[in-house]
Each structure stands twice: as C-alpha cells, then as structure tokens.
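Colleague:
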C-alpha cells in the first residue's frame, strides 16, 4: 500500500515535469522545421498538454484497466471545469471573447453530447473510438484554418509556448520527455490499480479522483498563471482544448486497444455531471455576455460563477463518496 502510494506520488511528479519537456522539445522541433507558432499552439502544444492523460490512458488500456482510463478522461474534464476553472475565476475574473461563444464553446458542447450518445449503450467500441479520433482530426484542421491569420493568437502562441531550442537540444529534450512520460505513466497506473484492489474500490473511482486530479494539475498551474498575467482568454482556451482532447483522444484510447464495457455509473453519474458542468459554463458565459455593457465583444465571468463551479465539484465528490 505504501509502495503503491509512493509510486503514485513520484509518478505524478515525473509525469508533470516530463510533459513540459515533451512539449518544449516537440514545439521546438516543429519550429525548426518551419511550422508557424499558431499551428504549433493548436496542434502539438494542445496534444502535448494532454500527454499525461493520453499516456496514462494508453498504459491503463493495455494493462486491462480500461475503467481507470475512462475515469481519467471524464474525471479530468470535471476537474478542469469545476476545480481548475473555478479556482482560476476566483483568482481573477475571466474575460471571454465573442469568438469563444461562436466557435470553441459550441464545439465543446456538440462533442460532449455526441460522445455521450456513443457511450449510452455502456460500451466503447472500436467504431466509437474511431469516430472520436476522426472528429478530433477534423476539429484540429478547422481550428488551424480558421485561426491561422489571427494576429492576437499568433502573439500569444509565440509568448506562451515556444522555447526556441536548437535542433540537437530539441530532439534530446523531446526524447527525454517521452521516455519519462512512459515510465511515469506505468508507475502511476500500477500504483492506482494496486490501491484500488487494496481498498476494494473500483478502478473507475480511482481514475475519477486520484488520477484525474493529478493529471489536471498542469492545467491548474498553467491556467492560474495565464490568468495572473492577464491572459484570461488563454485560461479558458486551455480548459476547452484540454476537455476536447480528453473526450476525443484520451477516452477513445481504450476503445482503440479493444472494445471496452463501461460501468453503468459512467452514464448515470459521471458523464451527466461532466455534461452539467459544461452546459453551466456555457450558460454563464452567455449570460455574462448578455449582461455585459463592455465594448469590443468582451464579457467577464465573475467570482460568483467560480464559487458555484467549486461547490458543484465538491458536491460531485460527496456523491462519489456516497456511492462507494
């Protein structure tokens, strides 16, 4: 038990650090190959920031712990909105651009409901997983084409993501980050499965709680840092992008490895909670936009919304506790 807990703790630390190395190396390699900063930000960096969830999901799937992978994906999305975004809005009111209401948030809502329809039969099939991955590819292509000429996003991508490493250092950083990601994800999955078996709780619950919070820590740090620097649009973008990748990539991985039967609680408890938080966030953004008297198409999500999000998140954990 103690060894498993230590494996989880050390695994999380290495996982978070190695994800930064992986992103820095991959982004620099792409930059050295002539890829534009905005494309790097929308593809490599978006994928890289979800690398912990992706590697944990893949490791869990091939280790016959598919419930852990599903719990990780859904739990991370719940944590991203309820915990990460809730705390961020408490730190600083979040500015929302009009484009978020017209593009990113509608896409997240459609993906949330669409993925839910695929899972309503309590099974994640190879076809379901293929549809999810195909949808992700289409979304990335759309985002790149629609935002390629956005000067503001170009400047933010340059400032936030690019580390300008020389080719040799970029490849070494990338290789080290990838190797550590794989090793730490194995440690984390082993420790999580061991604790689940020892405590007599399902791997789904461990994925929804311990693993989900741990893999959401990078988003929490990055989002709060962006908000404190006044880049609140980046803060919201981090959460929306991460949730899209979790739904369409992280959750799809077990289905790609092999058909996965889901615990019924996923459809009756966990996925509805994630959907509720997503819809609540969209409504909060819409209402703030309607009530805002600000110009240039901007509105702000205030601390009241942040308090509600954190409260909903705490309420969900209490629901999980009651269902054990």
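Residue numbers (the working numbering): 6 to 329. Yeah, the Cβ is synthetic: ideal placement off N, Cα and C, and Gly gets one too.
1) Is DSSP giving residue 38 helix, strand or coil here?
2) Out of 325, 90, 271 and 146, point me to the one whose CA is closest to residue 290's CA.
3) Please confirm if the region 55-64 is in contact with the region 266-278, defined as three or more CB-CB distances below 8 Å between the two stretches.
4) For residue 206, name the three-state secondary structure that DSSP assigns.
5) Less than 7 Å separating the Cβ of residue 326 from some heavy atom of the ligand GDP?
6) Is the region 311-327 touching the region 119-137 in the sense that three or more CB pairs, one from each, lie closer than 8 Å?
7) Give me the Cβ distance between residue 225 and residue 88, rounded to the nearest whole Å; I'm assuming they're in contact under 8 Å.
8) Give the straight-line distance between the Cα atoms of residue 211 and residue 198, rounded to the nearest whole angstrom.
9) In this structure, does DSSP put residue 177 in helix, strand or coil?
10) Taking 8 Å as the threshold, find out whether the region 280-288 comes into contact with the region 122-129 through three or more Cβ pairs.
11) According to the neighbour-count rule (16 or more other Cβ atoms, all chains shown, within 10 Å of its Cβ), is residue 284 buried or exposed?
12) Should residue 55 and residue 247 be called a contact, given that it needs their Cβ atoms to be closer than 8 Å?
13) Would the region 167-178 count as touching the region 11-18 if we require 3 or more Cβ pairs under 8 Å?
14) Take residue 219 and list the residues in its own chain whose beta-carbon comes closer than 7 Å to its own, dropping the five residues that flank it on each side.
15) Using the Cβ count rule (16 or more neighbours within 10 Å means buried), how would you classify residue 256?
16) Mapping the DSSP letters down to three states, classify residue 11 as helix, strand or coil.
17) Please classify residue 106: does DSSP put it in a helix, a strand, or coil?
18) Reducing DSSP to helix, strand and coil, say where residue 328 ends up.
19) What's the gap between the Cα of residue 67 and the Cα of residue 259?
20) With DSSP as the reference, label residue 343 as helix, strand or coil.
21) Roughly how far, in whole angstroms, is the beta-carbon of residue 189 from the beta-carbon of residue 23, given that I think they are within contact range, below 8 Å?
Modeller: Let me spell this out:
1) Residue state, collapsed to three classes: coil.
2) Nearest option by C-alpha distance: 90.
3) Too few Cβ pairs lie closer than 8 Å, so no.
4) Judged by DSSP in its simplified three-state form, residue 206 adopts coil rather than helix or strand.
5) Looking at this structure, you won't find the ligand GDP or any other ligand, since it has none at all.
6) Flag = no, the region 119-137 and the region 311-327 do not touch.
7) Between residue 88 and residue 225 the Cβ distance is about 7 Å, and since that is below 8 Å, they are a contact.
8) Distance between the alpha carbons of residue 211 and residue 198 is about 8 Å.
9) Secondary structure of residue 177 (DSSP, three-state): helix.
10) They do not touch, by the three-pair rule.
11) When all chains shown are included, residue 284 counts as exposed.
12) It is a contact, given that the beta carbons lie within the stated cut-off.
13) In this structure the region 167-178 does not lie against the region 11-18, because fewer than three pairs of beta carbons, one per stretch, are closer than 8 Å.
14) Closer than 7 Å at Cβ, skipping near neighbours: 17.
15) Under this definition residue 256 is a buried residue.
16) Under the three-state reduction of DSSP output, residue 11 falls in the helix class.
17) Looking at residue 106 - three-state DSSP - the assignment turns out to be helix.
18) Coil, per DSSP.
19) Taking the straight line from one Cα to the other gives about 8 Å.
20) Past the edges of the chain, shown from 6 to 329, lies residue 343, and the structure says nothing about it.
21) The Cβ separation is near 6 Å, so the contact holds.
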